[in-house]
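What follows is a set of notes on a single structure, which appears directly below.
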Amino acid sequence: MMFTYAVVRKPGPNFARGLTTAAATDPPDFETLVGQHTEYISALQSIGLEVIVLDCLPDHPDAYFVEDTAVVAADVAVITNPGAESRQGEEETIASVLAEYRRTDRIRPPGTVDGGDVLQVGNHFFVGLSERTNHEGAGQLGRIFKRHGYTYATVAVGEGLHLKSSVNYVGRNTLLVTEDFASNEQLKAYDTIIVDRHESYAANTLLVNDHLLVPRGYPGTRRKLDALGLKIIELDTSEVRKMDGGLTCMSLRF
Ligand code: CIR
Numbered sequence: 587m588m589f590t591y592a593v594v595r596k597p598g599p600n601f602a603r604g605l606t607t608a609a610a611t612d613p614p615d616f617e618t619l620v621g622q623h624t625e626y627i628s629a630l631q632s633i634g635l636e637v638i639v640l641d642c643l644p645d646h647p648d649a650y651f652v653e654d655t656a657v658v659a660a661d662v663a664v665i666t667n668p669g670a671e672s673r674q675g676e677e678e679t680i681a682s683v684l685a686e687y688r689r690t691d692r693i694r695p696p697g698t699v700d701g702g703d704v705l706q707v708g709n710h711f712f713v714g715l716s717e718r719t720n721h722e723g724a725g726q727l728g729r730i731f732k733r734h735g736y737t738y739a740t741v742a743v744g745e746g747l748h749l750k751s752s753v754n755y756v757g758r759n760t761l762l763v764t765e766d767f768a769s770n771e772q773l774k775a776y777d778t779i780i781v782d783r784h785e786s787y788a789a790n791t792l793l794v795n796d797h798l799l800v801p802r803g804y805p806g807t808r809r810k811l812d813a814l815g816l817k818i819i820e821l822d823t824s825e826v827r828k829m830d831g832g833l834t835c836m837s838l839r840f
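Numbered per my numbering, the sequence shown spans residues 587 to 840.
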């Protein structure tokens, strides 16, 4: 999968009012976040992507995490119905952007899907069943994929917010996985790099063409990824992490 475009959204001053399970930590610092967002955009541009930057949405603090609102394949963009009530409606602003680049389809209620639960590896999609993505939504998505010639399988997401909080494709037929997914039967067709438990956040690593974007501050995972021989860009995601986000959910690539 070679990407040409990325869609990102500016963080809003309301960012800290989004959903998070990290209630005990300090709230995100807005200025630091803006700096991290700018570095993220620069990294994507340095890889050669054209970055489309959307304005923040005053009514949706989590709209920054654009990946949850759509799944973009080579020939179709599926607009999701996000699983958290406070996030429903974010997808409308994404739909109009993606319609310029792809035929679009939709996940319809009672189906819910968050894009963070959808991992594409070649012509195959793994769809995580999570607190955000339900059976009905996964089924709708699977039927759309099938019509477009893809295969798909559901994966139970026991731990973590989304599938891609724990499992990501890092090239060379290899998945980067947390210990919880290390012996998952559904993933056995791939080699795995297992992230140590104390670094499990680093599983949220993003393959963009011939580069890996890796969260800064996880040296054990960095060493393991070096063995793949890809170019690595480390990025600080400290403020995004405070809202349960990571490198994958900060953009939509296609
Ligand atoms: C949420 O709970 O919806 C946001 N605070 C974080 C979403 C992160 N998205 C992702 O990992 N795909």
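Note that beta-carbon positions come from the ideal geometry of N, C-alpha and C, so glycine has one too.
1. What's the call for V713, buried or exposed, on a 16-neighbour Cβ count within 10 Å?
2. Using CA coordinates, which residue listed in L630, G598 and N754 is at the minimum distance from E617?
3. Taking the alpha carbon of Y580 as the reference point, which residue from T607, V658, N754 and R595 has its own alpha carbon closest?
4. Tell me the DSSP secondary structure of F711 in three-state form.
5. Out of V707, D830, K828 and G803, point me to the one whose CA is closest to I819's CA.
6. How close, in whole Å, do the beta carbons of G669 and T698 come, if the pair is a contact with beta carbons under 8 angstroms?
7. How many angstroms separate the CA atom of L813 from the CA atom of A789?
8. Tell me whether N759 is buried or exposed, calling it buried when 16 or more other Cβ atoms sit within 10 Å of its Cβ.
9. With a CB to CB cut of under 7 angstroms and the five nearest residues on each side skipped, what residues in its chain are close to L833?
10. Do you know whose CA, among R673, A608, V658 and M588, lies nearest T690's CA?
11. May I ask you to report which of helix, strand or coil DSSP gives Y591?
12. Identify whether H646 lies in helix, strand or coil by the three-state DSSP scheme.
13. What are the boundary residues of the alpha helix (DSSP H) that R827 is part of?
14. Taking C-beta to C-beta, are L761 and N754 nearer than 8 angstroms?
15. The alpha helix (DSSP H) spanning L619 covers which residue range?
16. Check the C-beta distance from V826 over to L605 and give it rounded, since I have them as a contact under 8 angstroms.
17. With P805 as the anchor, note down where its alpha helix (DSSP H) starts and where it stops.
18. Excluding five sequence neighbours on each side, which residues of the same chain lie with their C-beta closer than 6 angstroms to the C-beta of N600?
19. Measure the C-alpha to C-alpha separation of V756 and E678 and round it to an integer number of angstroms.
20. Can you name the residues that DSSP bridges to N754?
21. Would you list the one or two residues that DSSP bridges to K817?
22. Using 8 angstroms for Cβ pairs, my map puts N709 next to T737. What's the rounded Cβ distance?
23. With a cut-off of 8 angstroms, do at least 3 Cβ pairs link the segment 762-779 to the segment 679-689?
Reading off the structure:
1. For the purposes of this step, residue 713 is taken as the residue at position 127 of the sequence shown. Buried, because 16 or more other Cβ atoms sit within 10 Å of the Cβ of V713.
2. In the sequence shown, the residue the question calls residue 617 occupies position 31. Comparing Cα positions, the closest option is G598.
3. Here the chain has residues from 587 to 840 only, and residue 580 is not among them.
4. For this step, residue 711 is matched to residue 125 along the sequence shown. Of the three classes helix, strand and coil, the one that applies to F711 here is strand, per DSSP.
5. To locate residue 819, count along the sequence shown from 1; it is residue 233. Nearest of V707, D830, K828 and G803 to I819, Cα basis: G803.
6. If you number the sequence shown from 1, residue 669 lands on position 83. If you number the sequence shown from 1, residue 698 lands on position 112. 4 angstroms between Cβ atoms; contact.
7. Counted from its first residue, the sequence shown places residue 813 at position 227. Counted from its first residue, the sequence shown places residue 789 at position 203. A small correction: the amino acid at residue 813 is Ala; Leu does not occupy that position in the sequence shown. Between A813 and A789, the C-alpha separation is close to 16 angstroms.
8. The sequence position of residue 759 within the sequence shown is 173, counting from 1. Under this definition N759 is an exposed residue.
9. Along the sequence shown, one-based indexing puts residue 833 at 247. Answer for L833: N790, T791, L792, L799, P801, L821 and T823, listed in chain order.
10. As a working mapping, residue 690 is identified with position 104 in the sequence shown. Nearest option by C-alpha distance: V658.
11. On the sequence shown, position 5 is the one that residue 591 refers to. Y591: strand per DSSP, three-state reduction.
12. In the sequence shown, residue 646 corresponds to position 60, counting from 1. Note: H646 maps to coil in three-state DSSP.
13. For the purposes of this step, residue 827 is taken as residue 241 along the sequence shown, with counting starting at 1. Unbroken alpha helix (DSSP H) run through R827: S824 to R827.
14. Position 175 of the sequence shown, counted from the first residue, corresponds to residue 761. Position 168 of the sequence shown, counted from the first residue, corresponds to residue 754. Yes, they are a contact pair.
15. Taking the sequence shown and counting its residues from 1, the one referred to as residue 619 is at position 33. It spans F616 to I633 - the alpha helix (DSSP H) in which L619 sits, taken as one unbroken run.
16. Looking up residue 826 in the sequence shown gives position 240. Looking up residue 605 in the sequence shown gives position 19. With 8 angstroms as the limit, V826 and L605 do not qualify as a contact, their Cβ atoms being about 13 angstroms apart.
17. Residue 805 sits at position 219 when you count from the first residue of the sequence shown. Here the alpha helix (DSSP H) through P805 covers P805 to D812.
18. Walking along the sequence shown from the start, residue 600 turns up at place 14. The answer, listed in chain order, is P647.
19. Taking the first residue of the sequence shown as 1, we reach residue 756 at position 170. Taking the first residue of the sequence shown as 1, we reach residue 678 at position 92. One C-alpha to the other measures close to 30 angstroms.
20. Taking the first residue of the sequence shown as position 1, residue 754 is located at position 168. According to DSSP, N754 bridges with L762.
21. Sequence index remark: in the sequence shown, residue 817 carries index 231 (1-based). Looking at the DSSP assignment, K817 forms a beta bridge with H797.
22. On the sequence shown, residue 709 is found 123 positions in, with the first residue counted as 1. On the sequence shown, residue 737 is found 151 positions in, with the first residue counted as 1. With a Cβ gap of about 6 angstroms, N709 and T737 count as contacting.
23. no
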